[in-house]
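**Q** Here's a structure for you.
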Amino acid sequence: MGHIVKTSAGTYRANWRDASGRQKAKTFRTKKEASTFLAQTEAALSRGTYVDPHSGRTRFGDFAQQWVATRTVEARTAERTLSMLRAHILPKWGDWPLGKVDFMSVQEWVTSLSRELAPTTIAKCYQLLSMILRTSVQARLIATNPAEGVRLPRDRSRDVKPVTISRDDFFGKLLPAVPSRHRAIVSAAAGAGLRWGECAGLTWSSVDLDRALLRVVQVAEETHGGVVIRPYPKTRAGVRAVPLPAFLITALRGLLAAEDITPGPRNLVFHDRVGRPLRRSNFRRRVWLPSLVRAGLLGQVASTGPHRYRAVWLDREGVEWSAEFSTEREAIACVTANAAGGMRFHDLRHAYATWLVTDGVPINLVQRVMGHEQASTTLNRYTHTPDDYAARILDAFTLPADDLLTPDEETPARNPLDEDDECL
């Protein structure tokens with residue numbers, strides 16, 4: 005049991021023993037304050053929720069360093085965590101004692117970040133801060149997580165409809181504009197719904213062209229040190245078998261013929277010129293964006309005369325720009341470097357799921373080939389309302405002329421009030 009002692013300075017010192025039996029003390033101005041604190045402390049000890057009032061003196065930066073050291077995560081996740089800590093979190097909270105971090109301070113910090121950062125970045129910074137504070141609660145350094153309930157700025161980018169290319173535009177515009185050497189990887193995203201990392205990590209041992217089947221068992225992950233192969237996909241459901249459509253089989257056979265090799269079990273299907281895994285940033289800049297421009301899906305390049313090409317594009321504010329060049333290649337490079345928007349490579353995965361759902365493939369089957377653990381993910385993230393949704397809904401209620409419910413001309417309609425009250 006704890007006890008209270010009056011000090012020579014006229015204050016009151018509450019004394020107690022913690023869960024390990026060590027003597028603890030804290031001084032208060034009045035005996036009432038000391039008694040209240042002692043009662044709360046003894047109740048917390050009995051419930052197993054006791055937190056040493058002096059533990060909150062631990063600096064946030066010191067605890068964050070310890071927290072990082074105890075985590076077991078993928079290399080890319082570790083890099084992102086350290087980057088956010090250095091850039092946005094430690095400059096603000098590094099020297100703060102954990103016990104001094106309060107709800108209003110966290111809310112003010114989030115509000116200040118909204119003046120400089122995008123909502124998605126703010127959400128990630130907040131989630132990281134909250135994770136560290138939640139762990140400090142579990143470590144009995146503070147009693148509650150002061151970041152709980154903080155309001156984040158709305159991410160309006162989620163309100164923007166993702167770009168979903170039609171099959172006609174994919175086969176008629178985009179695919180012909182992609183260099184022949186890279187058509188197979190674009191076809192793999194649109195014809196098998198593979199993520200970029202799944203494409204970049206695909207080996208020939210996972211492709212069975214005779215059975216028209218592809219297995220996803222590993223992914224390529226980009227880090228600051230290069231591209232590493234991770235021997236498992238993003239989630240457990242990511243390990244899956246995907247049937248190959250005819251156009252993808254043709255593209256893969258063409259890739260084999262062009263490379264003139266006998267594929268080994270560790271040979272990557274898609275690689276750079278020296279056999280290394282493709283880097284996403286290089287592919288986007290050198291292959292993907294120029295292909296969109298050539299297909300007319302990002303800006304516009306048109307011939308205006310002999311050795312004259314006009315490039316037209318929109319910037320992030322929607323302002324139209326144009327420039328004249330002597331070669332088509334220079335015009336395409338200009339639009340590639342300056343145009344805003346356009347499809348992402350990942351949008352081909354969106355299109356794949358949307359095509360399947362539109363064609364009536366059951367959601368549970370789409371979920372399986374997409375590698376989702378929950379069918380709700382497939383519905384919410386990768387299927388979108390078509391532009392002609394109103395007409396489709398009305399068509400569902402349109403009946404053939406012979407089935408229309410019209411009264412019989414020879415038999416007059418009966419008035420229900422004239423019938424016997426059999427139900428009464």
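Going by our numbering, the first residue of the sequence shown is number 5, and it counts up by one from there. Ideal Cβ positions, reconstructed from N, Cα and C, are used throughout, including at glycine.
Does the contact criterion of 3 or more C-beta pairs under 8 Å hold for the segment 214 to 227 versus the segment 349 to 367?
**A** No, they do not touch.
**Q** Quick one: grab the DSSP three-state call for Q142.
**A** By 1-based counting over the sequence shown, the position of residue 142 is 138. In the structure shown, Q142 sits in a helix (DSSP, three-state: H, G or I).
**Q** Might you give, ordered along the chain, the residues of its own chain that have their beta carbon closer than 8 Å to the beta carbon of L132, omitting 5 neighbours on each side?
**A** Sequence index remark: in the sequence shown, residue 132 carries index 128 (1-based). T85, M88, L89, I93, listed in sequence order.
**Q** What three-state label does DSSP hand F175 in the structure shown?
**A** As a position in the sequence shown, residue 175 is number 171, starting the count at 1. In this structure, F175 counts as helix in the three-state DSSP scheme.
**Q** Have a look at the DSSP bridge pairing and note the partners of P281.
**A** Taking the sequence shown and counting its residues from 1, the one referred to as residue 281 is at position 277. DSSP lists H275 as partners of P281.
**Q** Rounded to whole angstroms, what's the CA-CA distance from G6 to R155? Just pull it up for me.
**A** As a first step, residue 6 is located in the sequence shown; it is residue number 2 there, counting from the start. As a first step, residue 155 is located in the sequence shown; it is residue number 151 there, counting from the start. Between G6 and R155, the C-alpha separation is close to 40 Å.
**Q** Of the residues R333, Y236, W71, which one's Cα is nearest the Cα of G375?
**A** Counted from its first residue, the sequence shown places residue 375 at position 371. When each option's Cα is compared against that of G375, the closest is Y236.
**Q** Check whether the Cβ atoms of H186 and S295 sit closer than 9 Å, and answer yes or no.
**A** Numbered from its first residue, the sequence shown carries residue 186 at position 182. Numbered from its first residue, the sequence shown carries residue 295 at position 291. A contact, by the Cβ cut-off of 9 Å.
**Q** Of the choices P249, W325, I126, A196, whose alpha-carbon is the least far from that of D214?
**A** In the sequence shown, counting from the first residue as 1, residue 214 sits at position 210. Closest by alpha carbon: P249.
**Q** Compare the C-alpha of R320 against each of T308, V339, S330, E328 and name the closest.
**A** Taking the first residue of the sequence shown as 1, we reach residue 320 at position 316. The candidate whose alpha carbon is nearest that of R320 is V339.
**Q** Distance check for T381 and R240, CA to CA, integer angstroms please.
**A** Counting from 1 along the sequence shown, the entry for residue 240 is found at position 236. Counting from 1 along the sequence shown, the entry for residue 381 is found at position 377. If I take the Cα positions, the gap works out to 15 Å.
**Q** Indicate the three-state DSSP secondary structure (helix, strand or coil) for D425 in the structure shown.
**A** As a first step, residue 425 is located in the sequence shown; it is residue number 421 there, counting from the start. Here D425 scores only 48 on pLDDT, less than 50, and its place in the model is too uncertain to base an answer on.
**Q** Have a look at the DSSP bridge pairing and note the partners of R244.
**A** Position 240 of the sequence shown, counted from the start, is the residue given in the question as residue 244. According to DSSP, which records beta bridges pairwise, R244 is partnered with V220.
**Q** Which first and last residues belong to the alpha helix (DSSP H) in which A196 is found?
**A** For this step, residue 196 is matched to residue 192 along the sequence shown. Per DSSP, A196 belongs to the alpha helix (DSSP H) from 187 to 196.
**Q** Cutting at 6 Å between CB atoms, please list the residues of its own chain near K10, excluding the five before and the five after it.
**A** For the purposes of this step, residue 10 is taken as the residue at position 6 of the sequence shown. So the qualifying residues of the chain are Y16.
**Q** On the DSSP letters alone, give me the boundaries of the alpha helix (DSSP H) that H311 sits inside.
**A** As a first step, residue 311 is located in the sequence shown; it is residue number 307 there, counting from the start. First-last for H311: undefined, no H or E at that position.
**Q** Here's a check: name, in chain order, each residue in its chain whose Cβ is nearer than 8 Å to the Cβ of E332, leaving out the five neighbours to either side.
**A** As a first step, residue 332 is located in the sequence shown; it is residue number 328 there, counting from the start. Taken in chain order, the residues that qualify are V305, S307, Y313.
**Q** Skipping 5 residues on each side, what residues in its chain have a beta carbon closer than 7 Å to that of S429?
**A** Since the displayed the chain opens at 5 and closes at 428, residue 429 lies outside it and no answer follows.
**Q** Which residue marks the beginning of the beta strand (DSSP E) containing V9, and which one marks its end?
**A** Stepping through the sequence shown from its first residue, residue 9 is reached at position 5. Here the beta strand (DSSP E) through V9 covers 7 to 10.
**Q** What's the gap between the Cα of D363 and the Cα of D172?
**A** On the sequence shown, position 359 is the one that residue 363 refers to. On the sequence shown, position 168 is the one that residue 172 refers to. D363 and D172: Cα-Cα distance of roughly 15 Å.
**Q** Which residues bound the beta strand (DSSP E) around E324?
**A** As a working mapping, residue 324 is identified with position 320 in the sequence shown. Looking at the DSSP string, the run of the beta strand (DSSP E) that includes E324 is 324 to 329.
**Q** Starting from the C-beta of L301, find all residues in its chain whose C-beta is less than 7 Å away, skip the five residues before and the five after it, and write them out in chain order.
**A** For the purposes of this step, residue 301 is identified with residue 297 of the sequence shown, where counting begins at 1. For L301, where only same-chain residues beyond five positions count, the Cβ hits under 7 Å are K177, L178, G346, M347.
**Q** Could you tell me whether the Cβ atoms of L272 and S191 are closer together than 9 Å?
**A** Numbered from 1 along the sequence shown, position 268 holds the residue referred to as residue 272. Numbered from 1 along the sequence shown, position 187 holds the residue referred to as residue 191. Not in contact: L272 and S191 (Cβ atoms no closer than 9 Å).
**Q** How many angstroms separate the CA atom of T124 from the CA atom of G14?
**A** Within the sequence shown, residue 124 is the residue found at index 120, counting from 1. Within the sequence shown, residue 14 is the residue found at index 10, counting from 1. Going by the C-alpha atoms only, they are around 54 Å apart.
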